[in-house]
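Colleague:
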Amino acid sequence: MIDIGLSKIAIIGVVALIVIGPEKLPKVARMAGTLYGRAQRYLNQVKSEVSREIEMEELKNLQKEVQDAAHSVKQSVEKSIHGVENSISGNLAEVENAWRGDASADDGQHDPHEAMLRATNDDLARKAREFRRKKLVRNSAIPGWYKQRHGGKLHVQSAAARVARFRPRANSSSFYS
Numbered sequence: 227m228i229d230i231g232l233s234k235i236a237i238i239g240v241v242a243l244i245v246i247g248p249e250k251l252p253k254v255a256r257m258a259g260t261l262y263g264r265a266q267r268y269l270n271q272v273k274s275e276v277s278r279e280i281e282m283e284e285l286k287n288l289q290k291e292v293q294d295a296a297h298s299v300k301q302s303v304e305k306s307i308h309g310v311e312n313s314i315s316g317n318l319a320e321v322e323n324a325w326r327g328d329a330s331a332d333d334g335q336h337d338p339h340e341a342m343l344r345a346t347n348d349d350l351a352r353k354a355r356e357f358r359r360k361k362l363v364r365n366s367a368i369p370g371w372y373k374q375r376h377g378g379k380l381h382v383q384s385a386a387a388r389v390a391r392f393r394p395r396a397n398s399s400s401f402y403s
């Protein structure tokens, strides 16, 4: 603002004392002080309003950027969903055709997955027997006496049963003593 030193204020005070007079000088000084305070408050109000307007404009720009980014993300997600839906429907049609046995013979191409889809009942029964045999070997590889001696699980127990089994027993006499 204005650079006023102590000597300039003293000169202004002496001139005001001579021009206005000693009787009216306190009233004029009070009025000048209130006008100066009002001017400062008005300037501060204008500054804060301008800064608020600038912040609002920045927020509007930021909101627009975020909305644009969200819109582009939404469009890309919709495109990828549409692509996945098309891919799934195409694969589903291929699987249904292969399951029915009327795979598109007119295209002349052999699909390597087609052989896997044409599993016979003999193949399924053989795989089931192998699974049962492997499960039996896996479960009976360790003898029961070894499991019992070394703390292995002998049978499956639910979580509630384990909690009840290992919950400390409270003495009824210890509560009332």
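Using my numbering, read the sequence shown as starting at 227 and increasing by one per residue. Quick reminder that beta carbons are idealized off the backbone N, C-alpha and C, glycines included.
#1: What is the rounded straight-line gap between the Cα of F357 and the Cα of E304?
#2: Please give me, in chain order, every unbroken run of the alpha helix (DSSP H) with length at least 4 that falls completely inside the region 290-334.
#3: Please state if the CB of I246 and the CB of V254 are separated by a distance shorter than 7 Å.
#4: Using 8 Å for Cβ pairs, my map puts L251 next to A242. What's the rounded Cβ distance?
#5: To the nearest angstrom, how far is the alpha carbon of A236 from that of D229?
Modeller: According to the structure data:
#1: Residue mapping note: residue 357 aligns to position 131 of the sequence shown, counting from 1. Residue mapping note: residue 304 aligns to position 78 of the sequence shown, counting from 1. Approximately 42 Å, taken between the alpha carbons.
#2: Correct list: empty.
#3: Counted from its first residue, the sequence shown places residue 254 at position 28. Counted from its first residue, the sequence shown places residue 246 at position 20. It is a contact, given that the beta carbons lie within the stated cut-off.
#4: Here residue 251 refers to the residue found at position 25 of the sequence shown. Here residue 242 refers to the residue found at position 16 of the sequence shown. The beta-carbon distance between L251 and A242, rounded to whole angstroms, is 6 Å. This is short enough to meet the 8 Å contact definition.
#5: For this step, residue 236 is matched to residue 10 along the sequence shown. For this step, residue 229 is matched to residue 3 along the sequence shown. The alpha-carbon atoms of A236 and D229 are separated by roughly 14 Å.
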